[in-house]
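Only one structure is covered here, and it is reproduced in the block below.
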Amino acid sequence: MHAALLIFAGLGLFFVGVKLVSAAFSQMAGLRLRSYLRAATSNPLKSASIGALGGALTQSTNAITFIVTGLISSGTMTIRQGLPIIAWANIGTSVLVFIATINTSNAVMLLIGVVGLCYFLNLDKKARYRHMVSALLGVALLMLGLSLIKDGSSYLRDYPWVAEVLLGLAGAPVLAFLTGALLTPIVQTAKTVATVAVALVASGLLTLDQTIMIVLGANLASCINIAFMGSAIQGTSRQAAYYQGILKIAGVVALLPVFASDYLFDYQPGLHLLALFSDKAATQIAVLYLLLQIAAYLVLLPFEAQLLRLLARLAPATAHETLSRPRFISDECLKEPATGMDLASREQDWQVEMLPAYLSRLRDEKDEHLPDLPAEPLRDANAAVMQELSILLRGFVEAGLPPDMVEGVVLLQNRQELVRALQDNVFQFATHIRGSRASQPDHEMIGNLVEALHLTLTLLPSALSGDEYDRSALMLMTSDKSEMMEGIRRSLLRSPTPISPLLQDALFTATTLYERIIWLVRRMVILTGQGEADSPEKMPDAHAI
12 MHAALLIFAG LGLFFVGVKL VSAAFSQMAG LRLRSYLRAA TSNPLKSASI GALGGALTQS
72 TNAITFIVTG LISSGTMTIR QGLPIIAWAN IGTSVLVFIA TINTSNAVML LIGVVGLCYF
132 LNLDKKARYR HMVSALLGVA LLMLGLSLIK DGSSYLRDYP WVAEVLLGLA GAPVLAFLTG
192 ALLTPIVQTA KTVATVAVAL VASGLLTLDQ TIMIVLGANL ASCINIAFMG SAIQGTSRQA
252 AYYQGILKIA GVVALLPVFA SDYLFDYQPG LHLLALFSDK AATQIAVLYL LLQIAAYLVL
312 LPFEAQLLRL LARLAPATAH ETLSRPRFIS DECLKEPATG MDLASREQDW QVEMLPAYLS
372 RLRDEKDEHL PDLPAEPLRD ANAAVMQELS ILLRGFVEAG LPPDMVEGVV LLQNRQELVR
432 ALQDNVFQFA THIRGSRASQ PDHEMIGNLV EALHLTLTLL PSALSGDEYD RSALMLMTSD
492 KSEMMEGIRR SLLRSPTPIS PLLQDALFTA TTLYERIIWL VRRMVILTGQ GEADSPEKMP
552 DAHAI
């Protein structure tokens, strides 16, 4: 009983320690690691080193995968650039498995003493040291847990029934393989199973051949956890999770035949392979785990093009994801400011072209050339592109451009604010109309406002590009409408047909938002140089209803 409790307590401490280490290092390396991962895409050697370092520090391939998927979603990194980072992060996590092979008794006592001193000095309450103290505590706990597992295992192996069970397991490699496969979904990662297995084989509770099959089974079954992780994300970001699963399968497919042949041939090629690295069983298991990660990467490397096509079929980009990425601009724009400014203008034009899409689901006729998305996802996608545009324009300003080019950047920045304001107000108009129709019967004026606004926004792109007919029509359509809107509001109040206060409020809000959007459209045309040099009207206040 005491031996079982030692192992149980050791497992508990080990799991807590792993969680603390992962959380603490993830916090410490969060933004910095993200920037390093972004920079790593420029060089394969950088990708390998940063991926391995990230895996070693966070001890979580899930953490690295989530960072990479975030960078892929934002368009900062392509899936091709992210794959080697994920593969080498798997290799980096093998550090923990090798730690389990070392006699850490003295190190554990030293670490616990250091951590206790840190708490005594209240360093855990200081932002600068808090995560480091948590990381040290996590390392101490997981190492103490491994020591308890080894101690408990050394006692447990003396029990006759344990010897009988292990003897049966030794003669059934498939059962050992399934044991590792069943343990992995419970403890979340193959790395954890491998680390505990190292402790057990070091204590003599497990034989080398049993542990080999357990680690192989655990590595294969880790696909189950990865599948759960992938189910929570969509689009090309899911490709990174699928790649992680394919890596695990590839590693096992590459090495399982080698170690399965140990049961068929007297030569035992698998055991001879591990013996090349060490004569200690615990170290050989750590080497096996490392070889699984390396073999997976090397096996898939020649098939990168085919793999990318497979991933694209398994997880194609969503409409929202496509819209969230700029069509024209990139980081390269800063290297050629003149061309970059032109591309920034084209990106703004495309954002203007998408404005009628906010009204698409409010009308019977659909705009076939525009995305058919609800207003909220469309707004989020547009906001992501506008954020990239703002960063690029700030980059132009900080680059120290000549005075004539600075004037062009200022014009683009002013235009940027108008486009953003148009998006916000058209979104508010669309959501207001949708909410009004959901809560009460529709009113004829609502439909008229939607159609009038749709026509105005449809003409805006061609008016901005220099079409004289559309420019003239738009300038006429967007002339001062304040008196007309006020007359409409007064007529609603004097309407012979009773109108509920709720509908009155909905119509007043719709007309005010419409008036504000019309004002912004007119300012956009004038700013672009297509309008007449008339005096600016006062902007309608959308909140003064």
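Counting in our numbering, the sequence shown runs from 12 upward without gaps. Don't be surprised by glycine CBs; every beta carbon is placed ideally from N, CA and C.
Within 10 Å of its beta-carbon, does N101 have 16 or more other beta-carbons around it, so buried, or fewer, so exposed? buried
Spatial distance of V363 from L468 (CA atoms): 8 Å
With DSSP collapsed to three states, give me the class of I340. coil
Closer than 8 Å to a non-hydrogen atom of the ligand ADP - does that hold for the CB of Y274? Although the ligand ADP was asked about, the structure shown includes no ligands whatsoever.
By how many angstroms is the C-alpha of K291 removed from the C-alpha of L194? It is roughly 24 Å from the alpha-carbon of L194 to the alpha-carbon of K291.
Three Cβ pairs or more, each shorter than 8 Å: is that satisfied between the segment 424-433 and the segment 391-408? Segments in contact, yes.
Buried or exposed, going by whether 16 or more other CB atoms sit within 10 Å of the CB of I402? exposed
Buried or exposed by the 16-neighbour rule on C-beta atoms within 10 Å, applied to P414: exposed
Any idea if G23 is buried or exposed, counting beta-carbon neighbours within 10 angstroms, 16 or more meaning buried? exposed
Could you give the residue range of the alpha helix (DSSP H) that holds I457? Its alpha helix (DSSP H) spans residues E455 to S476.
Tell me whether F276 sits in a helix, a strand or coil according to DSSP, three-state version. coil
Helix, strand or coil, according to DSSP, for Q92 in the structure here? Correct three-state label for Q92: helix.
Which two residues bound the contiguous alpha helix (DSSP H) that contains F438? Per DSSP, F438 belongs to the alpha helix (DSSP H) from P414 to S450.
Please report the distance separating the alpha-carbon of T80 from that of A63. Going by the C-alpha atoms only, they are around 17 Å apart.
Integer-rounded CB distance, given that F288 should sit under 8 Å from I223: Not quite, the Cβ-Cβ distance comes to about 13 Å (not below 8 Å), so this is no contact.
Could you tell me how far apart the beta carbons of G28 and G156 are, in whole angstroms, since I believe they sit closer than 8 Å? About 6 Å; that satisfies the 8 Å criterion.
Since N393 is in the alpha helix (DSSP H), which residue starts that stretch and which ends it? A386 to E409
The alpha helix (DSSP H) spanning G262 covers which residue range? S248 to A271
A98 versus V226 - alpha carbon distance: 18 Å
Can V119 and M154 be called in contact, C-beta distance under 9 Å? yes
Quick one: is E379 buried, meaning 16 or more other Cβ sit within 10 Å of its Cβ, or exposed? exposed
So D360 is in the alpha helix (DSSP H); what residue range does that whole segment cover? P348 to E364
Can you list, in chain order, the residues of its chain with a C-beta nearer than 6 Å to that of L301? Leave out the 5 residues immediately preceding and following it. Closer than 6 Å at Cβ, skipping near neighbours: S105.
Quick one: give me the first and last residue of the alpha helix (DSSP H) that A328 is part of. Segment: none, A328 is in no alpha helix (DSSP H) and carries neither H nor E.
Looking at S248: is its Cβ nearer than 9 Å to the Cβ of E332? yes
For L345, which residues in the same chain have their Cβ closer than 8 Å to its Cβ, ignoring the five residues on either side in sequence? G351, L403, G406, F407 and A410
First and last residue of the uninterrupted alpha helix (DSSP H) at E479: E479 to M488
Pairing CB atoms from the segment 261-280 with CB atoms from the segment 199-218, are three or more of them under 8 Å? Verdict: no, contact absent.
Endpoints, alpha helix (DSSP H) assigned at T206: A201 to A213
Comparing alpha-carbon positions, which option in P388, P196 and H443 lies nearest C234? P196
Proximity winner among A463, L381, Q255 and N459, relative to T72 (alpha-carbon distances): Q255
Nearest to Y308 by alpha carbon, out of R527, A265, T442 and L487? Measuring from the Cα of Y308, the nearest candidate turns out to be A265.
If you draw a straight line from the alpha carbon of I113 to that of L321, how long is it in whole angstroms? Computed Cα separation, rounded: 41 Å.
Quick check on DSSP: helix, strand or coil for L513? In this structure, L513 counts as helix in the three-state DSSP scheme.
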